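Peer 1: Chains as they are written, first to last, in the numbering used here: chain A, 3 to 206; chain B, 3 to 206.
Once you've had a glance at the structure underneath, I'll fire off some questions.
Number of protein chains: 2
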Amino acid sequence: VVRKSNVRSRLPGARARRYDSRRDGILRAAAPIFRERGFADAGMREIAEAAELSPANLYHYFKGKDEILYYCQDRALDRMLAGIAVARGTTDARERLRAVLTTHVLTMLDEVEGATAHLQVESLAPRLRAQIVAKRDRYERAVRRLVGEVARDASLDADAALITRAMLGALNWTVTWYRPAGPKSPRQIADALAAYLLRGLAHC
Amino acid sequence: VVRKSNVRSRLPGARARRYDSRRDGILRAAAPIFRERGFADAGMREIAEAAELSPANLYHYFKGKDEILYYCQDRALDRMLAGIAVARGTTDARERLRAVLTTHVLTMLDEVEGATAHLQVESLAPRLRAQIVAKRDRYERAVRRLVGEVARDASLDADAALITRAMLGALNWTVTWYRPAGPKSPRQIADALAAYLLRGLAHC
Chain A
3 VVRKSNVRSR
13 LPGARARRYD
23 SRRDGILRAA
33 APIFRERGFA
43 DAGMREIAEA
53 AELSPANLYH
63 YFKGKDEILY
73 YCQDRALDRM
83 LAGIAVARGT
93 TDARERLRAV
103 LTTHVLTMLD
113 EVEGATAHLQ
123 VESLAPRLRA
133 QIVAKRDRYE
143 RAVRRLVGEV
153 ARDASLDADA
163 ALITRAMLGA
173 LNWTVTWYRP
183 AGPKSPRQIA
193 DALAAYLLRG
203 LAHC
Chain B
3 VVRKSNVRSR
13 LPGARARRYD
23 SRRDGILRAA
33 APIFRERGFA
43 DAGMREIAEA
53 AELSPANLYH
63 YFKGKDEILY
73 YCQDRALDRM
83 LAGIAVARGT
93 TDARERLRAV
103 LTTHVLTMLD
113 EVEGATAHLQ
123 VESLAPRLRA
133 QIVAKRDRYE
143 RAVRRLVGEV
153 ARDASLDADA
163 ALITRAMLGA
173 LNWTVTWYRP
183 AGPKSPRQIA
193 DALAAYLLRG
203 LAHC
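Here you go:
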C-alpha cells in the first residue's frame, strides 16, 4: 500500500501498531455504511461519526472514501493471494485448489473485506483502480493455473479460463445473498461451494 | 408491466407496435450509457440524445431512468422464465436444466438486457424493486427445483439452494468479463458454462 507508508513508515513500533489498529477500526465502521448506503451515497462525515473520530482525524488515516475502499479491496486480495501461497505446501492440485476456493469465500464473507469486495473498481480513481486490477489479474492467473493442473490430472478437456471465471463468479456472488443470520456458517458455505465447484473438474 | 399499459393499452394495433419498437430503440440507446457511465451518472437528457428524441418525447415513453432500468430487468427475467417454460417440453431433467442455464447466459450477454442485469435492484424505487425481486425469486425457485431433481436422479446428496446460487453467480458474473470482441461467442460461452456447471451435479 503506497500511500499508507507515507505516514506509517515514520512511526515507531507501538505507534505504528496503534495506527494500523485505528485504520482497522475505521474499515469496520465504514463497511456497513458502504454495504447499506452504497459507495456513492456514503459520506466521509458519516464514516467519521461511525468510527468515533472527528472528520479531520479521519483524514489523517484516509484521504477519502475511495482510499478506504481501495484499502479494503487491497487487503481482501492480499488475503486471497496468501491463500494461494499457503496452498503451495499441499502436493495434490485438487486439494490445493480446494484450499484456495475456501479462503476466497471466507474472505468474501468477512465483515470488513467482503463488504466492499463486490463494489465495482470503477468507483476508484484511475491510479488506485489500476493497482487493484493488476493484483486481481495476478490472483486470477494463479487460480487459472491451478484449474488447468486439476483438469489435466483428471484428463478433462476443459477451458481453464472459462471454468476459472465460473468459479470466481460463484464465489464472488456469495456477498449478494449471504446473511450472517442464515442457516450456514461461512465455513460451511465455503466447504460446500468448493466441493460443488471441484466436482465439475472431474471426469465422469 | 403496470405503467406501460397506461399509455400503450389505449393505442390501436399499428400505433401500439410503433410504441413498442420505439421503447426498444430507447433501451438499445440507454444500455451502453448505463454500462459505461454507471446508472447513477447516466442522465435522461443523455439517453434522449442517444435515442434521437427530445427529452419531452423520451418522458412520453419512460417517466425516468429507473423505469428504463426496470423495463430492461423485467424483460430479462421474462426471457429467463420463458426458458423455464420451454424446457418443460424436455423429459430429461438434466437436459432441461442445461436449456435453462444456456438461456440465462444468452440473456445476460444480450446487448440490451444484459447491460442492465448486473445493476443492483437497489437503484430502483421500492415499488419497482419489489416487482423485480418477486420475479427473480420465482425464477430462482424454478431453477432450484430443477437442480434438486437432477441431483436426485444422480443420487447426489447436495444442497440444491446453495448449488443454485453457485450456478446463478457463475452465470450472472459473465457480464463482468464478457467482451463482444472476445474469442468465444455468447452461444459457445453458454454451452461451455452449462457443461461445467452440470458436471458438478454428477456423482463421480
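Every residue gets a Cβ at the ideal spot worked out from N, C-alpha and C, and that includes glycine.
These figures come from a predicted structure and were not determined experimentally.
Give the range of the alpha helix (DSSP H) segment to which A/Lys-65 is assigned.
Peer 2: That residue, A/Lys-65, is in no alpha helix (DSSP H); it is neither H nor E in DSSP.
Peer 1: Just to make sure I have the definition right: I need the residues of chain B whose C-beta is within less than 8 Å of the C-beta of A/Arg-140. Which are they?
Peer 2: Here the premise fails: no neighbours, minimum Cβ distance about 16 Å.
Peer 1: Against chain A, which members of the stretch 55–71 of chain B pass a CB distance test of less than 9 Å?
Peer 2: none
Peer 1: I'd like the list of long-range same chain contacts for B/Val-114, defined as Cβ closer than 7 Å, with 5 residues on each side in sequence excluded.
Peer 2: Leu-29, Arg-30, Ala-33 and Cys-74
Peer 1: Should B/Asp-161 be labelled buried (16 or more other beta-carbon atoms within 10 Å of its own) or exposed?
Peer 2: It is buried - the Cβ of B/Asp-161 has at least 16 other Cβ atoms within 10 Å.
Peer 1: Starting from A/Arg-20, find everything on chain B with Cβ-Cβ shorter than 7 Å and list it in chain order.
Peer 2: None at all; the shortest Cβ gap to chain B is about 36 Å.
Peer 1: Considering only C-alpha positions, which residue in the set A/Arg-39, A/Gly-40 and A/Ile-35 is nearest to A/Ala-50?
Peer 2: A/Ile-35
Peer 1: What does a CB cutoff of less than 6 Å around B/Val-152 pick up in its chain, not counting 5 residues either side in sequence?
Peer 2: Ala-95, Arg-96, Leu-99 and Leu-203
Peer 1: Just mark A/Val-102 as buried or exposed, buried being the case when its beta carbon has 16 or more other beta carbons within 10 Å.
Peer 2: buried
Peer 1: Comparing C-alpha positions only, which one of B/Ala-132, B/Gly-116, B/Ala-163 and B/Glu-142 sits nearest to A/Pro-185?
Peer 2: B/Ala-163
Peer 1: Please check the pair B/Thr-166 and B/Val-145, which I expect to be a contact at CB under 8 Å, by giving their CB distance rounded to whole angstroms.
Peer 2: 5 Å
Peer 1: Among the residues of its own chain, which have a CB less than 7 Å from the CB of B/Thr-104, if the five just before and after it don't count?
Peer 2: Ala-192, Asp-193 and Ala-196
Peer 1: Since B/Leu-170 meets chain E, which of its residues come closer than 8 Å, beta carbon to beta carbon?
Peer 2: Absent here is chain E; the protein component of the structure consists of chains A and B.
Peer 1: How would you call B/Thr-93, buried or exposed, if buried means at least 16 neighbouring beta carbons within 10 angstroms?
Peer 2: Result: exposed.
Peer 1: Using the C-alpha atoms, what's the distance from A/Glu-69 back to A/Leu-170?
Peer 2: 25 Å
Peer 1: Which of the three DSSP states is assigned to A/Trp-179 in this structure?
Peer 2: helix
Peer 1: On the DSSP letters alone, give me the boundaries of the alpha helix (DSSP H) that A/His-205 sits inside.
Peer 2: No alpha helix (DSSP H) holds A/His-205; DSSP gives it neither H nor E.
Peer 1: Just to confirm my understanding: we take B/Ile-134, look at its own chain, exclude 5 residues before and 5 after, and list those with CB closer than 6 Å. What are they?
Peer 2: So the qualifying residues of the chain are Gln-75 and Val-123.
Peer 1: Taking B/Ala-127 as the reference, which of B/Leu-108, B/Leu-200 and B/Lys-65 has the closest Cα?
Peer 2: B/Lys-65
Peer 1: Does DSSP classify B/Asp-155 as helix, strand or coil?
Peer 2: helix
Peer 1: Expressed to the nearest angstrom, what Euclidean distance is found between the alpha-carbon atoms of B/Ala-1 and A/His-205?
Peer 2: Nothing can be reported for residue 1 of chain B: it is not among the residues displayed for chain B, which extend from 3 to 206.
Peer 1: Within 10 angstroms of its Cβ, does B/Tyr-72 collect 16 or more other Cβ (buried), or is it exposed?
Peer 2: Buried, by the Cβ-count rule.
Peer 1: Between which two residues does the alpha helix (DSSP H) holding A/Leu-55 run?
Peer 2: No alpha helix (DSSP H) holds A/Leu-55; DSSP gives it neither H nor E.
Peer 1: Is there a C-beta anywhere in chain A that falls below 7 Å from the one on B/Asp-161?
Peer 2: yes
Peer 1: Using a Cβ-Cβ cutoff of 8 Å, what residues of the stretch 185–197 of chain B are near chain A? List them in chain order.
Peer 2: Lys-186, Ile-191, Ala-194 and Leu-195
Peer 1: With a threshold of 7 Å on Cβ separation, who are the neighbours of A/Arg-138 within its own chain once the five nearest residues in sequence on each side are excluded?
Peer 2: Leu-79
Peer 1: Using a C-beta to C-beta distance shorter than 8 Å, which residues of chain B count as neighbours of A/Glu-49?
Peer 2: Position check: residue 49 of chain A holds Ile in this sequence, whereas Glu was assumed. The premise fails here: A/Ile-49 is roughly 19 Å from chain B at the closest Cβ pair, so nothing lies under 8 Å.
Peer 1: Identify, in the order they occur along the chain, each residue of the same chain with its Cβ nearer than 8 Å to the Cβ of A/Ala-44, setting aside the five sequence neighbours on each side.
Peer 2: Ala-32, Ile-35, Phe-36 and Lys-67
Peer 1: Considering B/Asp-94, what are the terminal residues of the alpha helix (DSSP H) in which it resides?
Peer 2: Unbroken run through B/Asp-94: none, as it is neither H nor E.
Peer 1: Roughly how many angstroms separate the alpha carbons of A/Val-3 and A/Gln-190, rounded to a whole number?
Peer 2: Because the pLDDT of A/Val-3 is 40, which lies under 50, any placement of that residue in the model is unreliable, and the number read from its coordinates should be weighed accordingly. Their backbone Cα atoms lie some 32 Å apart in a straight line.
Peer 1: Among residues of its own chain, excluding the 5 on either side of A/Tyr-180, which ones have a beta-carbon nearer than 6 Å to its beta-carbon?
Peer 2: Result list for A/Tyr-180: Leu-111, in chain order.
Peer 1: Just to confirm, are A/Arg-147 and A/Thr-109 a CB contact at a threshold of 7 Å?
Peer 2: no
Peer 1: Does the CB of B/Gly-45 have a neighbour CB from chain A at under 7 Å?
Peer 2: no
Peer 1: Compare the C-beta of B/Ile-165 against all C-beta atoms of chain A and say whether one is closer than 7 Å.
Peer 2: Taking Cβ atoms only, chain A reaches closer than 7 Å to B/Ile-165, which makes this a yes.
Peer 1: So B/Pro-14 is in the alpha helix (DSSP H); what residue range does that whole segment cover?
Peer 2: Annotation for B/Pro-14: no alpha helix (DSSP H) segment contains it, and DSSP assigns it neither H nor E.
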